[in-house]
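Chains as they are written, first to last, in the numbering used here: chain S, 15 to 203; chain R, 15 to 203. Think of the CB as a built atom: it goes at the ideal place given N, C-alpha and C, for glycine as much as any other residue.
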């Protein structure tokens, strides 16, 4: 997605050889107009699939899922990383390892929002080592729902997440695929 | 906002005399089409104000702020409740007491996204005791920015938040104002 790649080059900050900070338009401050285009693009890529629900994970995934959900005309659900008073009763859980913080986290989704009639699109901001995406796909499987695929805004293709999902036969659509980050320079696939 | 009030009556769940659960359309599963209308309504109510930025707090505020930001044509920023690798450098902080969890939390916003030229609209899902809204307004004040006001999706008018904000001369626009929750019945103002 050209608009997104241009924005990454313009406003992304490279730290070392593997970190890309996009906190000025995707992670902390968020450009809703860019997300509108991102939502449209996900809809275009999954146009032939009858998606009934979108699943993401808090916090950065929420804005992306919200704009996409509007274009798909379906509700979205965000998995929670901590227990909450808003989350009571039966929940699906999955363990997700965070490499950046080196902890295992249990993500949670209320069972009442998914069933075996659903076709679920999983969305997230980054795909790096694939752990969050796998956890979300695991929850879709637990619900007996069909997985439409995984939509990613920025894929760090030099890390293993993409190949892990590919190996499981999961359809992945990434809007920007970063081949390498080298001496502060980003090269897209 | 009639559409919202109708949805609260249809899908909200009352627990006891003061808890309203809206996790099927606002808090966990989210109806993006409803949020589109909510975003438009905030824009209509603050139409005469030249808002330059929207500020909210993770997680439930994000989807609301995102849709509103699109209609205002401005970026939004979400305050974080926990330290994060995405949040480095100078930050504004404010202490927010959570009555439901009985803890003090420090909320954080990167300094680089606000300055004294900004006119900031604060948005959140609920207004109950007003602590989150006050924390966000405090951050706007620290930045030397102008506060356009506070926009709330659901105000529990029987709790003290609204009067605390009114007493400080803060403009509050709440899309649904709940006067009482009594024997499972919701009455709006």
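Here residue 40 of chain S is near residue 74 of chain S, since their CB atoms are less than 8 Å apart. Taking C-beta atoms as the reference points, residue 198 of chain S and residue 28 of chain S count as a pair closer than 8 Å. Non-local beta-carbon contacts of residue 194 of chain S in its own chain, meaning distances under 7 Å to residues more than five positions away in sequence, involve 172 and 201 in chain order.
8 Å or more divides the Cβ of residue 68 of chain R from the Cβ of residue 77 of chain R. One finds 80 in chain S with Cβ atoms closer than 7 Å to the Cβ of residue 81 of chain R, taken in chain order. Burial state of residue 114 of chain S is exposed, judged by a 10 Å Cβ sphere holding fewer than 16 other Cβ atoms. For residue 35 of chain S, the enclosing beta strand (DSSP E) starts and ends at 33-35. If you compare the alpha carbons of R:17, R:177, R:165 and R:121 with that of residue 140 of chain R, the shortest gap goes to R:165.
Proximity of the segment 171-191 of chain S to the segment 124-143 of chain R falls short of the contact definition, fewer than three beta-carbon pairs being nearer than 8 Å. Nearest neighbour of residue 174 of chain R by Cα position, chosen from R:142, R:148, R:156 and R:150, turns out to be R:142.
Beta-bridge pairing by DSSP links residue 86 of chain S to no other residue. Taking C-beta atoms as the reference points, residue 54 of chain S and residue 72 of chain S fail to come closer than 8 Å. Taking 8 Å as the cut-off, the Cβ atoms of residue 189 of chain S and residue 15 of chain S count as close. A direct Cα-Cα distance of roughly 8 Å separates residue 66 of chain R from residue 89 of chain R.
A direct Cα-Cα distance of roughly 16 Å separates residue 159 of chain R from residue 93 of chain R. By the criterion of a C-beta distance shorter than 6 Å, residue 45 of chain R is surrounded in its chain by 39, once the five residues flanking it on both sides are discounted.
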